[in-house]
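Peer 1: Questions regarding the structure given below will be posed in turn.
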Amino acid sequence: MDSATLLARITDYASRPNPYPLYAELREAGPVVQQADGSYLIGTYHHIAALLHDPRMSADPRTRGEVTHKPPFLRLDDPEHHRLRTLAMRPFGPPHSPGRVDGMRGEIDRITKELLEPFEAGRQIDIVDDFAYPLPVTVICRLLGVPREDEPLFRAWSDAIVAAADVRPDDDSTEPDKAGDQARMEMGGYLLNLAEQRRGKPGDDLLSAFVNEPDQALRLTQEELAETAVLLLIAGHETTVNLITNGVLTLLRQPEQLDLLRREPGLMPRAVEELLRYEPPVHMRERIPHADLDVAGTVIPQGTSVILVLASGSRDPRRFHEPDRFDPTRPDNQHLGFGSGIHLCYGAPLARLEAQAALGALLPHLGTARLVQDPPPYRQNAMLRGPRHLSVQL
Amino acid sequence: MTAEEVVEMRTVVDLTRCQGYAQCVFLAPEVFQLHGEEGLLYATAVPDDQVERVRQAAAACPVQAILLGEEVSTGAR
Amino acid sequence: MPGDLKDGRIVIVGASLAGLRAAETLREEGFTGSLTVVGDEPHAPYDRPPLSKQVLLGQATADTTELPMRRDTEAEWRLGVRATGVDLLAKQVLLADGESLPYDRLLIATGTRARPWPNPEEGALDGVFTLRTREDGAGLAERLAARPERVLVIGAGFTGSEIASACRELGLQVTVAERGPAPLVGALGGTLSKLAAVMQRNHGVDLRTGVTVTALNGNGAFTGADLSDGSRVEADVCVVALGAVRNVEWLADSGLAAGPRGIACDAGCRAFNMYGIVTDDVFVAGDVSRFPHPLFGYQMLSLEHWGNAVEQAEVAAHNMVSPGPLQRPHLAVPVFWSTQFGLNIKSVGVPTYSDHVVIAQGSLEARRLAMVYGYQGRVTAAVTVDMAKVLDYYRHLIETAAPFPPPPGAQDRAIAADITIPSAVPDPSVLSHGPTVALTGHLPDRRLTVV
Chain A
38 MDSATLLARI TDYASRPNPY PLYAELREAG PVVQQADGSY LIGTYHHIAA
88 LLHDPRMSAD PRTRGEVTHK PPFLRLDDPE HHRLRTLAMR PFGPPHSPGR
138 VDGMRGEIDR ITKELLEPFE AGRQIDIVDD FAYPLPVTVI CRLLGVPRED
188 EPLFRAWSDA IVAAADVRPD DDSTEPDKAG DQARMEMGGY LLNLAEQRRG
238 KPGDDLLSAF VNEPDQALRL TQEELAETAV LLLIAGHETT VNLITNGVLT
288 LLRQPEQLDL LRREPGLMPR AVEELLRYEP PVHMRERIPH ADLDVAGTVI
338 PQGTSVILVL ASGSRDPRRF HEPDRFDPTR PDNQHLGFGS GIHLCYGAPL
388 ARLEAQAALG ALLPHLGTAR LVQDPPPYRQ NAMLRGPRHL SVQL
Chain B
2 MTAEEVVEMR TVVDLTRCQG YAQCVFLAPE VFQLHGEEGL LYATAVPDDQ
52 VERVRQAAAA CPVQAILLGE EVSTGAR
Chain C
90 MPGDLKDGRI VIVGASLAGL RAAETLREEG FTGSLTVVGD EPHAPYDRPP
140 LSKQVLLGQA TADTTELPMR RDTEAEWRLG VRATGVDLLA KQVLLADGES
190 LPYDRLLIAT GTRARPWPNP EEGALDGVFT LRTREDGAGL AERLAARPER
240 VLVIGAGFTG SEIASACREL GLQVTVAERG PAPLVGALGG TLSKLAAVMQ
290 RNHGVDLRTG VTVTALNGNG AFTGADLSDG SRVEADVCVV ALGAVRNVEW
340 LADSGLAAGP RGIACDAGCR AFNMYGIVTD DVFVAGDVSR FPHPLFGYQM
390 LSLEHWGNAV EQAEVAAHNM VSPGPLQRPH LAVPVFWSTQ FGLNIKSVGV
440 PTYSDHVVIA QGSLEARRLA MVYGYQGRVT AAVTVDMAKV LDYYRHLIET
490 AAPFPPPPGA QDRAIAADIT IPSAVPDPSV LSHGPTVALT GHLPDRRLTV
540 V
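The listed protein sequences correspond, in order, to chains A, B and C.
Start counting at 1 in the first sequence, then tack on 37, and there's your number in our numbering.
Start counting at 1 in the second sequence, then tack on 1, and there's your number in our numbering.
Start counting at 1 in the third sequence, then tack on 89, and there's your number in our numbering.
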C-alpha cells in the first residue's frame with residue numbers, strides 16, 4: 038500500500054487494537070516517510086533516538102508557524118523549557134526533593150490494596166474503571182493537591198484537551214482545538230483557584246509548593262502555574278492508566294510470562310520496563326525542525342511536522358532482538374517508552390512505582406483470570422493508546 | 002557459600018553513559034544523589050534494605066548505566 | 090583455528106577496571122581455558138573515580154569501592170604480587186615472588202600511578218598525599234574529616250579540582266597552586282578554563298595560577314609550602330595532583346614498544362614491539378595503552394578515561410579469542426566526565442585536537458552550555474556543562490566529521506554561536522596537570538609555543 042497514507046491508516050480507529058504491523062511497514066518504507074499532508078513519519082529506533090537528542094528539533098508547535106498560546110514545558114524548547122521544568126521539579130524530585138516519589142510508596146500500596154478489596158474470585162471486573170484509572174487519579178490528586186471528588190469535573194476537561202492534542206491527518210481539527218482551548222482555560226482557572234486557597238496555608242502538595250515559593254526568581258507566574266498544573270494533572274492520569282491496563286492485557290495474553298512473574302515477583306521492575314517497550318502508553322510525539330534537517334538523505338524542511346513513532350522504534354528489530362516478543366528478562370532494554378533527551382517523561386518515576394505496585398498486587402488475582410473480550414474496545418486516541426475497558430473474569 | 006554469609010552488594014554507575022535523568026535518585030534516594038543539577042554521586046556499598054530499590058533503579062535507568070552485583074571473589078587471602 | 094583461541098592460557102597483568110572487564114568479556118566470548126589475573130595491589134578490582142568525590146565527602150568509604158562483577162570470571166587472582174617482566178620468546182610473565190606464569194596470550198592493563206612529588210623527602214612528610222589508590226583515598230578522607238586548617242592542592246587538573254571542590258563542600262580552606270594560567274586548561278582549552286577559575290573562586294578557593302610550588306616545608310609533618318612568586322602557604326594537608334605516570338617500567342627489557350607515554354598498540358589492541366612490528370599474542374588495554382584513532386588523524390591517543398578502559402578491554406578480549414577476520418577495531422569516541430563545584434562537565438571527542446571553539450548552546454553566564462571544538466574546519470570534540478543530554482548529538486557530529494562550526498538551528502543557541510574563537514590549548518609542559526587525553530603523535534602544522 039501507499040506509504041504516504043501510513044499516518045492516516047495508523048490513526049484510523051480500526052488500527053487501534055494492533056498498530057504494530059503498520060509500524061513494521063513504516064520502518065520498511067523508512068527511515069523518513071513523507072505523508073500526504075506534508076508531514077513526515079519516522080519509526081526506526083536509531084533515527085528517533087538521534088532526533089530526540091538533536092537540539093535543532095523543536096517541541097514547540099509555534100515552530101510550525103501557528104500562532105497559539107505559550108504551551109506548557111512539555112512543548113517548549115530550551116532555555117524556557119529548562120527553566121520551567123526545573124521549577125516544576127523542585128517540589129517533585131531531585132536535586133531539591135529527592136525523596137518525594139520514594140516517600141509515596143506506602144500510599145500507592147495502600148490505595149492499590151483498597152481498590153483490590155472487591156476483587157473476589159468469580160467476579161467480572163473492568164480493569165480500567167475499577168482499578169487502572171482510579172489508582173493514578175487518586176495518586177496525582179494527592180500529589181498535586183486536587184480534591185479527588187472533583188474527578189468528574191477535570192475528567193471532562195482532560196478528555197477535551199487530550200482529544201485536541203491527538204494526531205488526525207485528514208479531519209478538520211478546528212472544533213476539537215476550540216474545545217481543547219476552552220477546557221484548558223477552565224481547568225487552568227480551576228487549578229489556579231485551588232493554588233490560591235493554599236497561599237499562606239501550605240499543605241504538602243505541589244500546588245502549595247508552587248504558590249508559596251518564597252524566592253521571586255523561582256516562582257511560576259499565574260499563567261505558568263496554570264499551564265504546568267494542567268499538564269501534570271492530565272499527564273498524571275491519562276498515561277499510567279494505559280500502562281497498567283496494557284500490562285494486565287499483556288500478561289493475560291501470555292500465561293507463561295504471567296507464571297514467570299508469579300514465581301519471580303522480583304522481576305516486576307524489569308517487566309514494567311519491557312511493557313514500556315512492548316505496549317507503551319505513549320505511541321507518538323511531534324517535533325518540528327528549526328532548520329532544514331538532513332535525516333538519512335531526506336531533507337526535512339524547517340517548520341514541517343515530524344511524527345516520531347516511539348512505539349515503532351521500541352519494536353525495531355535493528356535495535357531489539359525478537360522485538361515482538363514480550364520478555365521481562367530482556368537485557369539492555371533502552372526503550373523509548375518515556376521518550377529520551379531533555380523531554381524524557383517528567384512523571385516517569387511515579388508511573389513506574391504505580392505500575393509496579395498495581396501489577397504486583399494484581400498478580401495473585403490473575404492466575405485463574407481470563408479476558409472476557411479480546412481485543413478489548415480501545416480509546417479513540419492514537420497517540421495515547423490504550424483500552425477504554427478491559428473486562429476480566431476473575 | 003553458606004546461607005549465613007551475607008555478601009554486601011556493590012554498585013557502580015557508568016558515568017560515561019549517564020545523562021543525568023536522575024531516575025535512580027527518585028527510586029533509591031538513599032543510594033543515589035544529584036550533585037548540582039546533573040552530576041551523580043552514589044554510595045558504592047548498597048545496604049541490604051536498599052538492594053531492591055537499587056534493582057529498580059538499574060531497571061529504570063534510561064541509558065542502562067547502573068551495575069549492581071557482588072565484588073569479585075578473588076579466592077582465599 | 091577459532092576453536093583453539095577459545096582455549097589455552099591467558100594471563101592478564103593489571104587487576105583494575107580494564108583487567109576485570111577483559112576477564113569477564115573473555116568468558117562471555119566463550120573462552121574456556123585457564124585465566125590468571127595479576128595485580129600488585131592486594132585488593133579485588135575497585136573503582137577509582139569515587140575516591141576523589143564520594144569518599145572525600147564521606148558518602149562512601151574507600152574500602153567499599155570494589156567493582157561489582159558482571160559475571161563470574163572463573164579466574165585465578167594473583168593479587169598483591171607485582172609483575173617484573175615478560176619474556177616474549179618463552180611466553181612467560183615474571184613475578185616479583187620469583188614465579189613465572191606461562192601464557193598463550195597476554196593482556197597488559199597495568200594502568201597508571203599518581204605522579205609523585207619530585208622531592209622524595211618532602212613527599213614523605215606526614216600530611217602530604219597523592220590520590221590514586223584506595224589507601225590514598227582512605228588516608229586523605231580521614232585527614233579531611235579531622236578538619237585541617239587549610240589544604241594545599243598542587244595541580245588544577247580534574248583530580249586536583251575535584252579534591253578542591255570536595256574540600257570546599259566540607260567547609261575546609263583550600264589553596265590551589267597551578268603552573269598554567271587556569272584550572273583544566275590543558276584538557277579544555279582557554280574559554281572553559283576561565284569558567285573553571287571563576288567557579289573555584291566563587292566557591293571560596295584560594296586559586297593561585299602561574300605559580301609553581303618550590304618546596305614543601307615541615308619537620309616530620311607538613312606545615313606549608315613555598316611558591317615561585319615568593320609567597321608562602323601555611324597548610325597542614327597537601328595533595329600532590331600532578332597527573333599520572335604510566336606503569337611501564339616492568340617492560341623495560343621486554344622488547345615491547347613501552348615508554349613514558351604508554352605501550353603502543355594497533356587499533357585491534359595488539360602491542361607493537363620495539364621495532365614497530367605488531368605482536369600476535371600480546372594485547373594492551375586501558376590507561377597504559379596508546380593507540381591510533383582514525384577520527385583524530387590516526388594519531389596515537391593515550392587516554393586516562395574510565396569509559397576507554399572498559400571499551401578497550403572489551404575489544405582486546407574479543408580480539409584475543411577471535412581469528413583475524415573477526416577481530417574488531419577500537420574506534421570508540423573518547424568520553425569523560427567530572428563533577429566539581431556543583432557542575433557536571435562532560436566531554437566527547439578530543440578537545441585538545443582543536444584550533445577553534447564556539448559556544449553552540451547556552452552560555453557561560455548561565456553555567457549551562459555546550460562548547461564545540463573544531464580542527465581545520467571539522468568538529469572534533471564537544472564539552473557540555475550541565476547539558477549532558479545533548480552530548481549524543483555532538484558525538485554524532487564528531488563521528489561523521491561534520492563541518493565546524495556546527496549547523497544552525499539549535500535551541501538555546503548562544504548569541505555568539507557563529508563566532509569561533511581560538512581553542513587556546515596550551516603546551517602540556519607549561520602545566521602542573523596533565524590533560525588526561527594526550528595526542529602523542531606528530532602534528533607538524535600545530536607546533537605549540539610556550540606562552
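C-beta: ideal position from N, C-alpha, C; glycine also.
Please read all numbers here as calculations on a predicted model, not as lab measurements.
What does Arg307 of chain A touch in chain B if you count any residue whose Cβ is under 8 Å from its own?
Peer 2: For the purposes of this step, residue 307 of chain A is identified with residue 270 of the first sequence, where counting begins at 1. Under the 8 Å cutoff, chain B gives Ala60.
Peer 1: Helix, strand or coil for Tyr364 of chain C, going by three-state DSSP, please let me know.
Peer 2: The sequence position of residue 364 of chain C within the third sequence is 275, counting from 1. Three-state result, Tyr364 of chain C: coil.
Peer 1: Who are the neighbours of Asp481 of chain C on chain A, taking C-beta pairs under 7 Å?
Peer 2: For the purposes of this step, residue 481 of chain C is identified with residue 392 of the third sequence, where counting begins at 1. Ordered by position in chain A, the residues that pass the 7 Å Cβ test against Asp481 of chain C are His90.
Peer 1: On the three-pair Cβ rule with 8 Å, is the stretch 66 to 75 of chain A touching the stretch 228 to 239 of chain A?
Peer 2: The stretch 66 to 75 of chain A vs the stretch 228 to 239 of chain A: no contact.
Peer 1: Alpha carbons only, please: which of A:Gln253, A:Ala395, A:Gly226 is nearest the one belonging to Ala266 of chain A?
Peer 2: Counted from its first residue, the first sequence places residue 266 of chain A at position 229. It is A:Gly226.
Peer 1: Going by C-alpha distance, which of A:His372, A:His426, A:Tyr50, A:Ser40 is nearest Glu62 of chain A?
Peer 2: Working through the first sequence from its first residue, we reach residue 62 of chain A at position 25. Closest option to Glu62 of chain A, Cα to Cα, is A:Ser40.
Peer 1: Hey, is Phe110 of chain A's beta-carbon within less than 9 Å of any beta-carbon in chain B?
Peer 2: The residue you call residue 110 of chain A lines up with position 73 of the first sequence. No - not a single Cβ of chain B is within 9 Å of the one on Phe110 of chain A.
Peer 1: Since Met460 of chain C is in the beta strand (DSSP E), which residue starts that stretch and which ends it?
Peer 2: By 1-based counting over the third sequence, the position of residue 460 of chain C is 371. From DSSP, the beta strand (DSSP E) with Met460 of chain C extends over 457 to 464.
Peer 1: Using a Cβ cut-off of 8 Å, which residues of the stretch 241 to 272 of chain A contact any Cβ in chain B, in chain order?
Peer 2: Flagged: no residues at all.
Peer 1: Going by CA-CA distance only, name the one from A:Arg355, A:Asp91, A:Pro184 that's closest to Ile325 of chain A.
Peer 2: Start at 1 with the first residue of the first sequence, and residue 325 of chain A comes out as number 288. Of the listed residues, the one whose Cα sits closest to Ile325 of chain A is A:Asp91.
Peer 1: Just to confirm, is the Cβ distance from Ala111 of chain C to Ala179 of chain C under 9 Å?
Peer 2: For the purposes of this step, residue 111 of chain C is taken as residue 22 along the third sequence, with counting starting at 1. For the purposes of this step, residue 179 of chain C is taken as residue 90 along the third sequence, with counting starting at 1. Not a contact, by the Cβ cut-off of 9 Å.
Peer 1: What whole-angstrom Cβ distance do Arg204 of chain C and Val334 of chain C have, given they're in contact under 8 Å?
Peer 2: Counting from one through the third sequence, the residue named residue 204 of chain C turns up at place 115. Counting from one through the third sequence, the residue named residue 334 of chain C turns up at place 245. With a Cβ gap of about 5 Å, Arg204 of chain C and Val334 of chain C count as contacting.
Peer 1: Do you know offhand how far Arg377 of chain C's Cα is from Arg179 of chain A's?
Peer 2: The residue given as residue 377 of chain C occupies position 288 in the third sequence. The residue given as residue 179 of chain A occupies position 142 in the first sequence. The sequence given here has Val at residue 377 of chain C, not Arg. Approximately 55 Å, taken between the alpha carbons.
Peer 1: Measure from the alpha carbon of Gly546 of chain C to the alpha carbon of each residue in C:Gly103, C:Trp166, C:Arg116, then state which is nearest.
Peer 2: Residue 546 of chain C lies beyond the range of chain C shown here (90 to 540); nothing can be said about it.
Peer 1: Closest Cβ-Cβ distance between Gln339 of chain A and chain C: below 9 Å?
Peer 2: One-based indexing of the first sequence puts residue 339 of chain A at position 302. For Gln339 of chain A, the answer is yes, since a Cβ of chain C falls inside 9 Å of its Cβ.
Peer 1: Give the residues from the stretch 485 to 501 of chain C that approach chain A closer than 7 Å (Cβ to any Cβ), ordered along the chain.
Peer 2: Listed by position along the chain: His485, Pro496, Pro497, Gly498, Ala499, Gln500, Asp501.
Peer 1: Less than 9 Å between the C-beta atoms of Leu113 of chain A and Thr149 of chain A, yes or no?
Peer 2: Position 76 of the first sequence holds residue 113 of chain A. Position 112 of the first sequence holds residue 149 of chain A. No, the pair does not count as a contact, with Cβ atoms beyond the cut-off.
Peer 1: Which residue from C:Thr121, C:Ala149, C:Gly169, C:Leu124 puts its Cα closest to that of Ala133 of chain C?
Peer 2: Here residue 133 of chain C corresponds to residue number 44 of the third sequence, with the count starting at 1. Here the closest residue by C-alpha is C:Gly169.
Peer 1: Would Pro63 of chain B count as contacting chain A if we go by Cβ distances under 9 Å?
Peer 2: Residue 63 of chain B sits at position 62 when you count from the first residue of the second sequence. Answer yes: the Cβ-Cβ gap between Pro63 of chain B and chain A drops below 9 Å somewhere.
Peer 1: CB-CB under 8 Å to Ala227 of chain C, same chain, minus the five flanking residues each way: which ones, in chain order?
Peer 2: Here the question's residue 227 of chain C lines up with position 138 in the third sequence. The residues are Val144, Thr150, Ala151, Asp152.
Peer 1: Spatial neighbours of Arg422 of chain A within its chain, please: CB distance less than 6 Å, with the 5 preceding and 5 following residues excluded, ordered by chain position.
Peer 2: Position 385 of the first sequence, counting from 1, holds the residue named residue 422 of chain A. Same-chain partners within the cutoff: His320.
Peer 1: Which one of C:Lys478, C:Phe493, C:Gly319 has the shortest CA to CA distance from Val446 of chain C?
Peer 2: Here residue 446 of chain C refers to the residue found at position 357 of the third sequence. The candidate whose alpha carbon is nearest that of Val446 of chain C is C:Phe493.
Peer 1: What residues of chain E sit near Met389 of chain C, judged by a beta carbon separation below 8 Å?
Peer 2: No chain E appears in the structure shown, which is made up of the protein chains A, B and C.
Peer 1: In chain A, which residues lie less than 9 Å from Lys435 of chain C when you measure between Cβ atoms?
Peer 2: On the third sequence, position 346 is the one that residue 435 of chain C refers to. Residues of chain A passing the Cβ test: none, with the nearest at roughly 13 Å.
Peer 1: Let me confirm a value: His531 of chain C is counted as buried when at least 16 other C-beta atoms fall within 10 Å, else exposed. Which label applies?
Peer 2: Walking along the third sequence from the start, residue 531 of chain C turns up at place 442. With a pLDDT of 42 at His531 of chain C, under the threshold of 50, the predicted position of this residue should be treated as unreliable, and no value is reported.
Peer 1: Which ranges would you report for the beta strand (DSSP E) in the stretch 423 to 451 of chain C if only whole runs of at least 3 residues count?
Peer 2: List check, beta strand (DSSP E) in window: 424 to 429, 432 to 438.
Peer 1: With 9 Å as the threshold, decide whether the Cβ of His119 of chain A is near any Cβ in chain C.
Peer 2: For this step, residue 119 of chain A is matched to residue 82 along the first sequence. So, interface residue.
Peer 1: Can you find a CB in chain B that lies within less than 9 Å of the CB of Arg257 of chain C?
Peer 2: Mapped onto the third sequence, residue 257 of chain C falls at position 168. Chain B, which has no Cβ nearer than 9 Å to the Cβ of Arg257 of chain C, makes this no.
Peer 1: Tell me which residues of the stretch 72 to 98 of chain A have at least one Cβ-Cβ distance to chain C shorter than 7 Å, keeping chain order.
Peer 2: Listed by position, the residues of the stretch 72 to 98 of chain A near chain C (Cβ gap below 7 Å) are Ala87, His90, Asp91, Pro92, Arg93, Ser95.
Peer 1: Just reading off the beta strand (DSSP E) that Asn308 of chain C is part of, what are its end residues?
Peer 2: By one-based count along the third sequence, residue 308 of chain C stands at place 219. Run containing Asn308 of chain C: 302 to 308, per the beta strand (DSSP E) assignment.
Peer 1: What would DSSP say about Val328 of chain C, mapped onto helix, strand or coil?
Peer 2: Locating residue 328 of chain C in the third sequence gives position 239, counting from the first residue. Note: Val328 of chain C maps to strand in three-state DSSP.
Peer 1: Under the criterion of a Cβ to heavy atom distance below 8 Å, does Gly319 of chain C qualify as lining the ligand ADP?
Peer 2: With respect to small molecules bound, the structure shown includes none, and the ligand ADP cannot be examined in it.
Peer 1: With a 10 Å radius around its C-beta and 16 neighbouring C-beta atoms as the bar for buried, classify Gln401 of chain C as buried or exposed.
Peer 2: Here residue 401 of chain C refers to the residue found at position 312 of the third sequence. Buried: at least 16 other Cβ atoms inside 10 Å.
Peer 1: With a threshold of 8 Å, are at least 3 pairs of Cβ atoms found where one atom belongs to the stretch 187 to 197 of chain C and the other to the stretch 364 to 373 of chain C?
Peer 2: Output reads yes: the stretch 364 to 373 of chain C touches the stretch 187 to 197 of chain C.
Peer 1: In whole angstroms, give me the CA-to-CA distance for Leu190 of chain C and Leu340 of chain C.
Peer 2: Taking the third sequence and counting its residues from 1, the one referred to as residue 190 of chain C is at position 101. Taking the third sequence and counting its residues from 1, the one referred to as residue 340 of chain C is at position 251. Spanning the two alpha carbons is a distance of roughly 15 Å.
Peer 1: Starting from the Cα of Tyr482 of chain C, find the closest Cα among C:Leu156, C:Thr428, C:Val422, C:Trp395 and give me that residue.
Peer 2: Position 393 of the third sequence holds residue 482 of chain C. The shortest C-alpha separation from Tyr482 of chain C is found at C:Val422.
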